[in-house]
Amino acid sequence: MSASTTALGIVALVIACAAGVGLLAVRRMRMTPEQYIVGGRSFGSLLLWFLMAGEIYTSFTFLGAAGWAYGKGAPAFYILCYGPVAYALSYFIAPLIWRAGKDRGFLTGADFFESQYGSKRLGSLVALVGVIFLIPYVTLQLSGLQILLSIAGYGTIDARLAVGFAFALITAFVFVAGLRGTAWASVVKDALVLGAVIVAGLIIPAHFYHSPAAVISGVLARRPQWFVLAPGFAPSGVAWFVSTVVLSALGFYMWPQSFAAVFSAKSGDALRRNAVFLPFYQLMLLLVYFAGFTALLVVPGLKNPDESFLVVLQRFYPPWVLGLIAGAGYLAALVPVTAQLLAAASLVTKNLLGGLREASTSAQTAWTRWVVAIVASLALGFWLLRPPTLVELLLLGYNGVTQFFPGVIFALTWRRASAAGVGGGILAGIATLIVAAVKGGASSIAGINTGLIALAVNATLCVVLSLIRPARARAAKEVAPAG
Amino acid sequence: MRRTLRTLLSCTPPLMLTLAIPFANRVEPRMFGLPFLLAWIVAWILLTPACYWLVYRSEDRG
Numbered sequence: 000m001s002a003s004t005t006a007l008g009i010v011a012l013v014i015a016c017a018a019g020v021g022l023l024a025v026r027r028m029r030m031t032p033e034q035y036i037v038g039g040r041s042f043g044s045l046l047l048w049f050l051m052a053g054e055i056y057t058s059f060t061f062l063g064a065a066g067w068a069y070g071k072g073a074p075a076f077y078i079l080c081y082g083p084v085a086y087a088l089s090y091f092i093a094p095l096i097w098r099a100g101k102d103r104g105f106l107t108g109a110d111f112f113e114s115q116y117g118s119k120r121l122g123s124l125v126a127l128v129g130v131i132f133l134i135p136y137v138t139l140q141l142s143g144l145q146i147l148l149s150i151a152g153y154g155t156i157d158a159r160l161a162v163g164f165a166f167a168l169i170t171a172f173v174f175v176a177g178l179r180g181t182a183w184a185s186v187v188k189d190a191l192v193l194g195a196v197i198v199a200g201l202i203i204p205a206h207f208y209h210s211p212a213a214v215i216s217g218v219l220a221r222r223p224q225w226f227v228l229a230p231g232f233a234p235s236g237v238a239w240f241v242s243t244v245v246l247s248a249l250g251f252y253m254w255p256q257s258f259a260a261v262f263s264a265k266s267g268d269a270l271r272r273n274a275v276f277l278p279f280y281q282l283m284l285l286l287v288y289f290a291g292f293t294a295l296l297v298v299p300g301l302k303n304p305d306e307s308f309l310v311v312l313q314r315f316y317p318p319w320v321l322g323l324i325a326g327a328g329y330l331a332a333l334v335p336v337t338a339q340l341l342a343a344a345s346l347v348t349k350n351l352l353g354g355l356r357e358a359s360t361s362a363q364t365a366w367t368r369w370v371v372a373i374v375a376s377l378a379l380g381f382w383l384l385r386p387p388t389l390v391e392l393l394l395l396g397y398n399g400v401t402q403f404f405p406g407v408i409f410a411l412t413w414r415r416a417s418a419a420g421v422g423g424g425i426l427a428g429i430a431t432l433i434v435a436a437v438k439g440g441a442s443s444i445a446g447i448n449t450g451l452i453a454l455a456v457n458a459t460l461c462v463v464l465s466l467i468r469p470a471r472a473r474a475a476k477e478v479a480p481a482g
Numbered sequence: 000m001r002r003t004l005r006t007l008l009s010c011t012p013p014l015m016l017t018l019a020i021p022f023a024n025r026v027e028p029r030m031f032g033l034p035f036l037l038a039w040i041v042a043w044i045l046l047t048p049a050c051y052w053l054v055y056r057s058e059d060r061g
């Protein structure tokens, strides 16, 4: 059997196993929209942990973390930093969002805005912005899949065709299984990913250099500045690092699929416990950095840094090891993509095609399913067209969804905040991002993360507009703390 | 008193991973073989759950 058959065969086995577990979890279950989109609001802290970890730590996180460790050094550590900060914030905010969602039956983040500010138009705006920014994110996962499948195929297969096929499988899975199936597939994913990062981050460094510490010394000997940030406001310097950590932490739970994950919790308490323990997952990233640093010493000078540790595996390890790790990587794309497609589809059916509210529950689920297929085709088409500025688009996406943050915080804390203020703020924030991107400052302006600057514009405008035209005794009210 | 402690426990980890970073931006002294900046971040990743577990325990849920 050739190396590529072995490796790809194992990838296929891994996929079948995870999809099997996911489908088993939803067999003979009646799929109301609530069950399909937010798992019937029944996930305890353990299943929630797997789902959130599955959404957050995507194949691109792993490939990108290793790639940045390989190609940039210390700036890569920002990925390590923002997680715990985001979890700390979510400890206080997520239970409040959950409570509102539970009391008023929200299925999407846009529902939250619509109900809190009493404005359908604001809900539609949030839904539209969310869907637009999700598509590049899904597309990015496809690029991750392409790297995985082309390396596991040892250059013998057409990677585009393989990605198309792999993506069709993912779409079919989410069509049937919904959020609960995704959460269970995530359990399989995490077990495998844990194995994969242990191989990548401990066994590989040990194989070449005896210990991770020796790898660090090796890198230091060649590049003494690799593990420190450039000072002050230099590109990718300290100011960029801190502002990016802050921005990423604020934006973390603003993705549409994160709202769905919050609503899927059984209780506010499950969310709090989840926030306490999620930081441990970050340690896997530390191992991924070790893999990236080792690759820097073993296979320096690669054109695409994101391939770094996979190339080490491909060159120095048997095909079955590569197959298992590529399988883990595939699942690390499957889970977030299913959650993203589901979230995008529910925004479209529930908040943009609002007329469906009169439809029966089974018709609503059917609609959501078909919209999943449509959104998936759009993302695939977008990927095939391959816009040259994909990374820019993702940056725009992350910075874009972060613009929801002021609206969420004000909904929970400030009664005067109005729909006009929040909507105007979001639009102004996004306009700032677009102008900056056109002028070549997509990622940073004067050493500060562009998203944070846009967020400041957004929040200021939101406050000013709300002071001029405050909300009429908005329902702000009901969100009582604690749960 | 208890409230102050809670506030302290919940604010410290996020501040250590953001505003304190400029002061931890160095290679030496290396800890467990890690450069200081990386070791600092890893230490706070481990301390964040510890702090928040205490915050969680101190909440009255009734």
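From first to last, the protein sequence lines are chains A and B.
Heads up, the first sequence is in numbering that gives the first Met the number 0, so the first residue is 0 and it goes up one at a time.
Heads up, the second sequence is in numbering that gives the first Met the number 0, so the first residue is 0 and it goes up one at a time.
All C-beta atoms, glycine included, are put in the ideal place defined by N, C-alpha and C.
Three-state class that DSSP yields for residue i in the structure shown
i        : result
A:GLY444 : Reading off the sequence, residue 444 of chain A comes out as Ile, not Gly. Three-state result, A:ILE444: strand.
A:LEU466 : helix
A:MET30  : coil
B:MET0   : coil
A:PHE91  : helix
B:GLY61  : Note that B:GLY61 has pLDDT 43, beneath the 50 cutoff, so the model's placement of it is unreliable and no number is given.
A:PHE42  : strand
A:LEU352 : coil
A:LEU451 : helix
B:LEU33  : strand
A:THR57  : coil
A:VAL187 : helix
B:THR17  : coil
A:ALA474 : Interpretation of A:ALA474 is limited by its pLDDT of 49, a score under 50 that renders its predicted location unreliable; no figure is taken from the coordinates.
B:GLU27  : coil
A:GLY482 : Residue placement at A:GLY482 cannot be trusted, given a pLDDT of 37 that sits under 50; what the coordinates show is reported in the next sentence. In the structure shown, A:GLY482 sits in coil (DSSP, three-state: anything other than H, G, I, E or B).
A:PRO317 : coil
A:GLY439 : coil
A:VAL25  : coil
A:ASN303 : coil
Nearest-angstrom beta carbon gap, residue j and residue i [assumed within contact, 8 Å]
i        : j        : result
A:THR181 : A:LEU50  : 7 Å
A:GLY53  : A:ASP189 : 7 Å
A:LEU341 : A:ALA259 : 7 Å
A:LYS349 : A:LEU106 : 6 Å
A:ALA73  : A:TRP225 : 7 Å
A:PRO234 : A:GLY446 : 7 Å
A:ILE429 : A:VAL128 : 7 Å
A:SER1   : A:LEU147 : Not a contact, Cβ separation roughly 18 Å.
A:VAL187 : A:LEU330 : 7 Å
Cβ pair residue i, residue j closer than 7 Å
i        : j        : result
A:TYR56  : A:SER247 : no
A:VAL214 : A:PHE292 : yes
B:LEU7   : B:LEU53  : no
A:ALA407 : B:THR17  : A small correction: the amino acid at residue 407 of chain A is Val; Ala does not occupy that position in the sequence shown. Result no, Cβ atoms of A:VAL407 and B:THR17 do not sit closer than 7 Å.
A:ALA79  : B:ILE40  : Residue identity differs from the one stated: residue 79 of chain A is Leu in this sequence, not Ala. Yes, the Cβ-Cβ distance between A:LEU79 and B:ILE40 is below 7 Å.
A:LEU346 : A:PRO255 : yes
B:PRO12  : A:ALA87  : yes
A:LEU295 : A:TYR69  : yes
A:GLY564 : A:THR401 : Nothing in the structure corresponds to residue 564 of chain A, since chain A is present only between 0 and 482.
A:ASN273 : A:SER41  : no
A:GLY399 : A:PHE132 : yes
B:GLY32  : A:ALA212 : yes
A:ASP305 : A:GLY66  : yes
A:LEU395 : A:LEU426 : no
A:VAL298 : A:VAL310 : yes
B:ARG2   : B:SER57  : no
A:VAL421 : A:CYS461 : yes
A:ALA416 : A:LEU464 : no
A:ARG285 : A:ALA64  : Sequence check: residue 285 of chain A is Leu here, not Arg. Their beta carbons are not under 7 Å apart, which means A:LEU285 does not touch A:ALA64 by this criterion.
B:LEU37  : B:ALA23  : no
Neighbour flag for residue i against chain C, beta carbons, 7 Å
i       : result
A:LEU79 : Chain labels in this structure do not include chain C; the protein chains are A and B.
The ligand GDP heavy atom lying under 6 Å from the CB of residue i
i        : result
A:ALA161 : In terms of ligand content, the structure shown is empty, and the ligand GDP therefore cannot be addressed.
Within the chosen definition, does the segment 127-142 of chain A reach the segment 375-383 of chain A through at least 3 CB pairs nearer than 8 Å? Enough Cβ pairs lie closer than 8 Å, so yes.
Can you give, in chain order, each stretch of the alpha helix (DSSP H) that sits fully within the segment 369-415 of chain A and has at least 4 residues? 389-401, 404-412
What are the uninterrupted segments assigned as alpha helix (DSSP H) that are 4 or more residues long and contained completely in the segment 200-272 of chain A, given in chain order? 203-208, 211-221, 237-250, 255-262
Mind listing, in chain order, the continuous beta strand (DSSP E) runs of no fewer than 3 residues lying wholly within the segment 102-180 of chain A? none
Check whether the segment 84-100 of chain A touches the segment 267-281 of chain A, taking contact to mean three or more Cβ pairs, one atom from each stretch, closer than 8 Å. yes
Inter-stretch contact at 8 Å, needing at least 3 Cβ pairs: the segment 108-126 of chain A / the segment 428-439 of chain A: no
Say whether the segment 337-348 of chain A touches the segment 362-371 of chain A, bearing in mind that this needs 3 or more beta-carbon pairs closer than 8 Å, one atom from each stretch. yes
contact_flag[the segment 191-199 of chain A, the segment 313-330 of chain A] where n(CB pairs < 8 Å) is 3 or more: Contact holds between the segment 191-199 of chain A and the segment 313-330 of chain A, because three or more Cβ pairs, one in each stretch, are under 8 Å apart.
Could you tell me whether the segment 228-243 of chain A touches the segment 0-16 of chain A, where touching means 3 or more Cβ pairs closer than 8 Å? no
Touch test, the segment 28-40 of chain A against the segment 272-286 of chain A, Cβ-Cβ under 8 Å, three pairs minimum: no
If contact is defined by three or more beta carbon pairs under 8 Å, each pair taking one atom from either stretch, is the segment 26-35 of chain B in contact with the segment 451-460 of chain A? no
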